[in-house]
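So the protein lines, in turn, are chains A and B.
Our numbering numbers the first residue of the first sequence as 4 and each following residue consecutively.
Our numbering numbers the first residue of the second sequence as 180 and each following residue consecutively.
To start, the structure itself, in structure tokens.
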Amino acid sequence: MALIEIEGLEKAFGRHRVLRGIHLTIEAGSAVVLFGPNGAGKTTLLRILATLSRPSAGRVRVAGVEIRANPEGIRRYLGLVGHMPLLYDDLSAWENLRFYARLYGVERPEARIQELLERVGLWPRRKDLVRTFSRGMMQRLAIARALVHNPPILLLDEPDTGLDPQAAEMMTTLLREVGGHARTVLMTTHHLERGLALADRVLILAGGRLVFDAEAAAVSYNDLRPLYDRYVAGGV
Amino acid sequence: MKRYLQVIAAVWWKDVRVELRSKDIFTGMAVFAALALLILNFAFELRIPDKRLVVPGVLWVTVAFASVLGLGRAFISEKDRGSLAGLLLAPVDRSAVYFGKMLANLVFLLVVELFVLPLIVLFFNVTLISAPLLLVVALGTIGLAVVGTIFSALTVNTRAREVLLPILLFPIILPVLVGGIRMTIGLLEGEPLSKLGNWMQLLIIFDILYLVIAFLTFDYVVEE
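This is the structure:
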């Protein structure tokens, strides 16, 4: 079943066209990784899906519902992890998750928050202010935040940005755990190996167009690397 | 409706909690207001025979300028970690986020005014603390919080937000400030509140008008 359907999506900021006619269907339970150089339009695509940005043209449906028709309803389906953790420095880890649980109207939030903090390994630090956390800890808490309402779709916009290799590896393991086939994951990254390790399907976005789409099982790192480099260098 | 109110309460609680920890907004506004009152006190001391003549202006100018400092920081905690997107992802009409932030700003401004009013009494030796005057101050402050919060959201991602916010805020808030000043003059001259009905109506009408406009436009202000 298609959970996300995008038809002829365009986005322009003034005269600058960021997305140019994107057509994409994502099946429920799949893990799709979107590669692309800086400025390719990856973040813009995710922000449109998250209802944070309006499309200039085209249609986007989530679970069969046009996102502009019912953005409030769509947001319940979505969890977003971006470059920024979307957390508050002056609140503790527990208070941050409690706040987001209240925004989403989560029932029995205490149990859910404890489960998530334990899963991301931050339960012992639950009372500490977020400003005392390392970048890696913040990103793990950001994943817990995005999952607090147990969304069926997880949007990840370069969640490994700024992480050291060890923290990035820990994040990959965590994402594999929280993804699975119960959740649809759409992730953007520059890191080909890490992306391939998580993906069922890989896409390359360059110059606002989807230029490559394949099952991850059919693509090796050695196939993908020269292809990606060509698109990055070519600025398609 | 229950969910809507829950989101308003959650955003309000979060802002108050963050401010209680950081004290960024209150400290800035209170110190500025105290310094402004001190300077105005010295400025008017030499020439004005009756300080009651200048107190309405002193009060509202101090409150208006101090509020710009606080309102300018209203969305800073969202900007630092990109958390505005987190708020906007809440599955509820986004005006709930606006109302939560606006009510938090209103509380911050009122707390600063509770600090400012006794200072004016101290510096200018004028009896200011009365129920009608507190009502006028509250109505004016609602206008400031309503307009200031929407403009703070509008300017938070601009490079020149410290300059842009007062430039946008003061022309729009002028009817509220004029109403507040005229009513304060009347009350200090001993007029009863009932005789200042026109100014009271002006204050209330503009507060409601601005609130409706902010409610209708917040979604467009914050979305790309």
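Where is the CB? At the ideal position from N, CA and C, for every residue including glycine.
Give the secondary structure of residue i by DSSP, where H, G and I count as helix, E and B as strand, and everything else as coil.
i: Ala213 of chain B; result: helix
i: Thr54 of chain A; result: coil
i: Met190 of chain A; result: strand
i: Val239 of chain A; result: Below a pLDDT of 50, predicted positions are generally treated as unreliable, and Val239 of chain A, at 45, falls in that range; the measurement from the model is reported next regardless. Of the three classes helix, strand and coil, the one that applies to Val239 of chain A here is coil, per DSSP.
i: Val391 of chain B; result: helix
i: Glu110 of chain A; result: coil
i: Gly61 of chain A; result: strand
i: Ser201 of chain B; result: helix
i: Glu98 of chain A; result: helix
i: Ala200 of chain A; result: helix
i: Val222 of chain A; result: coil
i: Leu83 of chain A; result: strand
i: Arg273 of chain B; result: coil
i: Gly327 of chain B; result: helix
Mind pulling the chain A residues with CB within less than 8 Å of residue i?
i: Arg340 of chain B; result: The premise fails here: Arg340 of chain B is roughly 18 Å from chain A at the closest Cβ pair, so nothing lies under 8 Å.
State yes or no: is the beta carbon of residue i nearer than 8 Å to at least one beta carbon in chain B?
i: Glu75 of chain A; result: yes
i: Leu125 of chain A; result: no
i: Gly108 of chain A; result: yes
i: Leu37 of chain A; result: no
i: Asp203 of chain A; result: no
i: Arg71 of chain A; result: no
i: Arg23 of chain A; result: no
Along chain A, which residues have their Cβ under 9 Å away from the Cβ of residue i?
i: Ala264 of chain B; result: Arg50, Ala53, Leu55, Leu83, Gly85, Met87 and Leu89
So, is the C-beta of residue i closer than 8 Å to a C-beta in chain A?
i: Ala253 of chain B; result: no
i: Val195 of chain B; result: no
i: Arg418 of chain B; result: Past the boundaries of the shown model lies residue 418 of chain B; chain B is included only from 180 to 403, so the question cannot be answered.
i: Val286 of chain B; result: no
i: Val290 of chain B; result: no
i: Val335 of chain B; result: no
i: Leu282 of chain B; result: no
i: Leu216 of chain B; result: no
i: Ser274 of chain B; result: no
i: Ser256 of chain B; result: yes
Kindly list, in the order they appear in chain B, the residues whose Cβ is closer than 8 Å to that of residue i.
i: Phe102 of chain A; result: Ala189, Trp192 and Lys193
Taking Cβ-Cβ distances shorter than 9 Å, what residues in chain B pair up with residue i?
i: Arg79 of chain A; result: Pro270
i: Glu316 of chain A; result: Shown here, chain A extends from 4 to 239; a query on residue 316 of chain A therefore has no answer.
Could you tell me how far apart the beta carbons of residue i and residue j are, in whole angstroms, since I believe they sit closer than 8 Å?
i: Val237 of chain B; j: Leu216 of chain B; result: 7 Å
i: Leu248 of chain B; j: Phe254 of chain B; result: No, Leu248 of chain B and Phe254 of chain B are not in contact; Cβ-Cβ is about 14 Å, not under 8 Å.
i: Val35 of chain A; j: Tyr91 of chain A; result: The pair is not a contact, with the Cβ atoms about 30 Å apart (cut-off 8 Å).
i: Val214 of chain A; j: Ala145 of chain A; result: Contact doesn't hold; Cβ gap of about 29 Å is too wide.
i: Phe205 of chain B; j: Phe287 of chain B; result: 6 Å
i: Leu250 of chain B; j: Leu356 of chain B; result: That pair is no contact at about 14 Å.
i: Leu347 of chain B; j: Thr334 of chain B; result: 7 Å
i: Arg132 of chain B; j: Gly108 of chain A; result: Nothing in the structure corresponds to residue 132 of chain B, since chain B is present only between 180 and 403.
i: Gly32 of chain A; j: Thr187 of chain A; result: 6 Å
i: Glu402 of chain B; j: Ser56 of chain A; result: 7 Å
i: Met404 of chain B; j: Thr328 of chain B; result: The structure shown has nothing for residue 404 of chain B, since chain B only spans 180 to 403.
i: Leu49 of chain A; j: Leu158 of chain A; result: 5 Å
i: Tyr231 of chain A; j: Leu195 of chain A; result: 6 Å
i: Arg196 of chain B; j: Glu98 of chain A; result: 7 Å
i: Ile51 of chain A; j: Ile29 of chain A; result: With a Cβ gap of about 14 Å, Ile51 of chain A and Ile29 of chain A do not count as contacting.
i: Ala219 of chain A; j: Ala202 of chain A; result: 4 Å
i: Pro235 of chain B; j: Thr363 of chain B; result: 4 Å
i: Gln141 of chain A; j: Pro88 of chain A; result: Checking the sequence, you will find Met at residue 141 of chain A rather than Gln. Correct: roughly 4 Å between the Cβ atoms.
i: Arg231 of chain B; j: Leu395 of chain B; result: Going by Cβ atoms, the distance from Arg231 of chain B to Leu395 of chain B rounds to 41 Å, so no, they are not a contact pair.
Give me the chain A residues within the contact set of residue i, using Cβ-Cβ distance strictly less than 7 Å, ordered along the chain.
i: Arg231 of chain B; result: Those within 7 Å of Arg231 of chain B in chain A number zero; the least Cβ separation is about 42 Å.
i: Ser201 of chain B; result: Asp93
i: Leu267 of chain B; result: Leu55
Along chain B, which residues have their Cβ under 7 Å away from the Cβ of residue i?
i: Asp163 of chain A; result: By Cβ distance, chain B contributes nothing, its closest Cβ being about 16 Å from Asp163 of chain A, past 7 Å.
i: Arg244 of chain A; result: For chain A, the structure presents residues 4 to 239; residue 244 of chain A sits outside this window and is missing.
Chain A contacts made by the region 361-378 of chain B, where a contact means CB separation under 7 Å: Within the region 361-378 of chain B, no residue has a Cβ that lies closer than 7 Å to any Cβ of chain A.
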